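Chemist:
Protein chains: 2
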Amino acid sequence: MTSTSRPRVTIADVAREAQTSTASVSYALNGRPGVSLDTRARVLAVAARLGWSPASAARSLAGAGSGTIGLVLARDPRDLAVEPFYMQFIAGVEATLAPRSMGLLLEVAPTAVAEVEAIRRWHMSRRVDGVLLTDVIADDPRVELVKEIGAPAVVVGDPSEAAGLTSLWTDDAAATQQAVEHLVSLGHRRITRFAAPGRYAYTVIRDAAFESASQAVGIEHDIVRTDLSLDSGADAARTVLSVSRPPSGLLFDNDVMAVAALTAAHDLGLSVPGDVSIVAWDDSLLCQLVTPSLTALGHDVLALGAHAARRLLDVIDGVEPAAFQDATPTLRVRASTGPAPVET
Amino acid sequence: MTSTSRPRVTIADVAREAQTSTASVSYALNGRPGVSLDTRARVLAVAARLGWSPASAARSLAGAGSGTIGLVLARDPRDLAVEPFYMQFIAGVEATLAPRSMGLLLEVAPTAVAEVEAIRRWHMSRRVDGVLLTDVIADDPRVELVKEIGAPAVVVGDPSEAAGLTSLWTDDAAATQQAVEHLVSLGHRRITRFAAPGRYAYTVIRDAAFESASQAVGIEHDIVRTDLSLDSGADAARTVLSVSRPPSGLLFDNDVMAVAALTAAHDLGLSVPGDVSIVAWDDSLLCQLVTPSLTALGHDVLALGAHAARRLLDVIDGVEPAAFQDATPTLRVRASTGPAPVET
DNA sequence: GCCACGAACTTAAGCGCTTAAGCTTACGGG
DNA sequence: CCCGTAAGCTTAAGCGCTTAAGTTCGTGGC
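Shown next as structure tokens:
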């Protein structure tokens, strides 16, 4: 007994029931002037009674926006499960969107080409009013695309990569400095940074901040390149810790590698933080649950997402592009960092 | 020098350039008969050259679907970061959708009411062609809504809660039995299950399977109710392990609680798996990274999402409702389970 | 050589909104 | 008492597609 498709209720139905024209219904619903209080109330009551929502297709065809913003996740699907970042970010974006009855259109694009295509298609077919760009790389093709086609966009990343688009950045340099100073204050004189691939804008920024913070206090420092994966972190940590005079402070560009290093240190018979101290970027539940718990640089990703969405809505409304700064990540000190071992 | 909004290219532009009518362009684009090979090729070439994508609003107004399916995540935003499930599931859904150029509309609804409203609004305004329902509970209001308004939907959960809608289920009973048998084969004779709230359909199913599997082999067994949170798991584990003759096998309904139990056991001076063996549901990176790594019941969530989306597209295409079974979770044995301690 | 037929193509009628423009009506100032 | 004005409301013209219905034309059967 499938309930056969009930008749669609349209603006005309509401107009008829409320004894007025469709134009008045439209004006009333959108809170525009030109309708008496009486009529407005009557329209809203009828609309509620009939459970009418304007067909978004008709609305956007007629000139209103689509009421949707787009987000493309350019990561391998398998990696997404590992990264709590996106889910948090999405939740934040939604927190801004939901009260305005706007929607979030998602696409998981396996390749950069697919990602650019998705954005182009979305914009050309007017499915979205604007897009959010994360994980921006140097000379990002997406940035060029949105500039070319004139799609409203917000770059979540450093302004240097945003090519004049509105951007939202966090001060990774300051955060990096914090982490270095934390280790130095514990007496560490030899530290190594395990960095993300150089194509990410933030890598370059963190690298530079790491260099200058280390030089400022005159300690030995080194940077090892990784690909952020578990294995890459474990391998790099093992290599670095196996030399004759290994560093006593390790700084990782994400949480997964830091956890891998924990295991690597354990396997090499080194104690954390007795022999080696470990700091992670991207604080997460993982950092809290491992033993010892990890000292980490973290920030409120939920707030970041909400902030990014707000800026995008501004851009859609025609606000001029600008660079905005979000809160600086803070160091959450836990059990994985401690006084440097005494030099033998 | 903002490039002023370039002229929108429409089907009429393509028709003019290709020296044909808009109808032919439409037929050509949608691969319908009634167009010669020659014309079809010409149209597609022009469309490509002009970079034209049909306006989705116009298309869906004219009767085609919206080319979008909806997914509402009914969890507290803070919890979402903890649950790798959703991100994986979404990635799987996308794997099905992307090749068909379909979109995924997301909403994070903090409350059940907001969730039902979101679905109703989506369907009424025809923003989505169908919806995916996860985390289904007994007498779920969403299931009732979807039946009432006749929205195409797929329930990811047990058919018993799907009220005749198409559903996609995994055999949690068989998986539970596997876990119990694994512990029994290691000599455990007293096991406790730390269960999710009873409102979830799967809880009831797992409870029953746990009971019958335990009774079948005649071992002592007990079920403790939790709320799946870290704290709730830690508290429950502490309580259960503090009695005079504690169970030697613990089975948790998610990974987070199992990790919490690891810490609780450690704090009580119990070794894992020497004194107590631990098994988790929801295998994740977390299970692999903690020490000792956790034996867990896991399944391919990416595949589940892809499967669910496929079924939903079928339902949208008018295929009759049915219950489909996805792969049964498998037990991934790691370091947290071992031979039962010798009874003193 | 004529006609019926089907393939290829075009015309035009919506789909359900928004909004500019036109129309009423009531009202107050000159 | 007349008219300009403005508030309230309606009419109707799109927005860019899809598709039923109509038109044209080449082809083959008789």
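Top to bottom, those sequences are chains A and B. Under my numbering, the first sequence has 146 at position 146, and the numbering climbs by one with no breaks. Residues are numbered in my numbering as their position in the second sequence, beginning at 1, plus a constant of 1000. Ideal Cβ placement from N, Cα and C applies to all residues, glycine included. All values derive from a computational prediction rather than experimental measurement.
If we call anything under 8 Å between Cβ atoms a contact, is Thr1192 (chain B) one with Val1259 (chain B)?
Modeler: no
Chemist: Which residue from A:Arg334, A:Ile90 and A:Pro321 puts its Cα closest to that of Lys147 (chain A)?
Modeler: A:Pro321
Chemist: Taking 8 Å as the CB-CB limit, is Gly1130 (chain B) close to chain A?
Modeler: no
Chemist: Using a Cβ-Cβ distance under 8 Å, would Ala95 (chain A) count as near chain B?
Modeler: For Ala95 (chain A), the closest Cβ of chain B is nearer than 8 Å.
Chemist: Any beta carbon from chain B within less than 8 Å of Val14 (chain A)'s own beta carbon?
Modeler: no
Chemist: Do you know whose CA, among B:Ser1336, B:Glu1211 and B:Ser1214, lies nearest Thr1263 (chain B)'s CA?
Modeler: If we check each option's Cα against that of Thr1263 (chain B), B:Ser1336 comes out closest.
Chemist: Based on the DSSP secondary-structure assignment, which residues constitute the bridge partners of Leu1104 (chain B)?
Modeler: A:Leu106 and B:Ile1069
Chemist: Could you give the residue range of the alpha helix (DSSP H) that holds Leu286 (chain A)?
Modeler: Taken as a continuous stretch (DSSP letters only), the alpha helix (DSSP H) holding Leu286 (chain A) covers Leu285 to Leu289.
Chemist: Let me know if Val319 (chain A) comes out buried or exposed under the rule of 16 or more other beta-carbons within 10 Å of its beta-carbon.
Modeler: Taking every protein chain shown into account, the CB of Val319 (chain A) has fewer than 16 other CB atoms within 10 angstroms, so this residue is exposed.
Chemist: Ser1277 (chain B): buried (16+ other C-beta within 10 angstroms of its C-beta) or exposed?
Modeler: buried
Chemist: Start and end of the beta strand (DSSP E) containing Trp351 (chain A)?
Modeler: In this structure chain A extends from 1 to 344, so residue 351 (chain A) is not present and cannot be described.
Chemist: Indicate whether Gly963 (chain B) and Ala1327 (chain B) have their beta-carbon atoms separated by less than 8 Å.
Modeler: This structure cannot settle anything about residue 963 (chain B), because the visible part of chain B is limited to 1001 through 1344.
Chemist: Output needed for Ala1109 (chain B): all residues of its chain with C-beta closer than 6 Å, excluding positions within five of it in sequence on either side, in chain order.
Modeler: The residues are Val1072, Ala1074, Glu1115 and Ala1118.
Chemist: Note the first and the last residue of the continuous beta strand (DSSP E) segment covering Gln215 (chain A).
Modeler: Counted as a single uninterrupted DSSP element, the stretch harbouring Gln215 (chain A) is not any beta strand (DSSP E) but the alpha helix (DSSP H) occupying residues Ala201 to Val217.
Chemist: Counting only the same chain and skipping the five closest in sequence on each side, list residues whose C-beta sits under 7 Å from that of Ala1138 (chain B).
Modeler: Glu1161, Arg1199 and Ala1201
Chemist: For the alpha helix (DSSP H) that contains Val1256 (chain B), what are its first and last residues?
Modeler: Asp1255 to Asp1267
Chemist: So, does the segment 28–35 of chain A touch the segment 1094–1110 of chain B, judging by three or more C-beta pairs under 8 Å?
Modeler: Between the segment 28–35 of chain A and the segment 1094–1110 of chain B, the count of C-beta pairs closer than 8 Å stays below three; the two stretches do not touch.
Chemist: Does DSSP put Asp314 (chain A) in a helix, in a strand, or in coil?
Modeler: helix
Chemist: Would DSSP call Thr4 (chain A) helix, strand or coil?
Modeler: With a pLDDT of 48 at Thr4 (chain A), under the threshold of 50, the modelled position of that residue is not reliable, and the figure given next carries that caveat. Looking at Thr4 (chain A) - three-state DSSP - the assignment turns out to be coil, as it is neither helix nor strand.
Chemist: Using a Cβ-Cβ cut-off of 6 Å (strictly less than) and excluding sequence neighbours within five positions of Leu1106 (chain B), which residues of its own chain qualify?
Modeler: Leu1071
Chemist: Give me the Cα-Cα distance between Thr111 (chain A) and Asp135 (chain A), rounded to the nearest whole angstrom.
Modeler: 13 Å
Chemist: Assign Val333 (chain A) to one of three DSSP states: helix, strand, or coil.
Modeler: coil
Chemist: Go ahead and label Ala1015 (chain B) buried or exposed: buried means 16 or more other beta carbons lie within 10 angstroms of its beta carbon, across all protein chains shown.
Modeler: buried
Chemist: Which residues in the same chain as Pro152 (chain A) place their Cβ atom closer than 6 Å to its Cβ, once the five residues preceding and following it in sequence are excluded?
Modeler: Gly130, Val315 and Ile316
Chemist: Leaving aside the five residues before and after Ser1284 (chain B) along the sequence, list all residues of the same chain whose C-beta is less than 6 Å from its C-beta, in chain order.
Modeler: Pro1084 and Asp1255
Chemist: Using the DSSP secondary-structure output, state which residues sit across from Thr192 (chain A) in a beta bridge.
Modeler: A:Asp222 and A:Leu250
Chemist: Using a C-beta to C-beta distance shorter than 9 Å, which residues of chain B count as neighbours of Thr291 (chain A)?
Modeler: Per Cβ cutoff of 9 Å: Leu1262, Thr1263, His1266, Val1290 and Thr1291.
Chemist: Check this for me: beta carbons of Ile345 (chain A) and Ala265 (chain A), under 8 Å apart or not?
Modeler: Given that chain A is displayed from residue 1 to residue 344, the structure contains no residue 345 (chain A) and the question cannot be resolved.
Chemist: Please classify Leu1050 (chain B): does DSSP put it in a helix, a strand, or coil?
Modeler: Here Leu1050 (chain B) sits in helix by DSSP.
Chemist: Note down, in chain order, each residue of its chain lying with its Cβ closer than 8 Å to the Cβ of Thr1039 (chain B), except the 5 sequence neighbours on either side.
Modeler: Ala1018, Thr1020, Ser1024 and Ala1028
Chemist: Of the choices B:Asp1282, B:Val1043 and B:Asp1235, whose alpha-carbon is the least far from that of Gln1088 (chain B)?
Modeler: B:Asp1282
Chemist: Under 8 Å Cβ-Cβ, which residues of chain A neighbour Gly1051 (chain B)?
Modeler: Arg120 and Met124
Chemist: At the 8 Å Cβ level, is Val1116 (chain B) part of the contact set with chain A, yes or no?
Modeler: no
Chemist: I need the straight-line Cα distance from Val46 (chain A) to Val279 (chain A), nearest angstrom please.
Modeler: 60 Å
Chemist: Is it buried or exposed for Asp172 (chain A), if we count other Cβ within 10 angstroms and need 16 for buried?
Modeler: Buried: at least 16 other Cβ atoms inside 10 Å.
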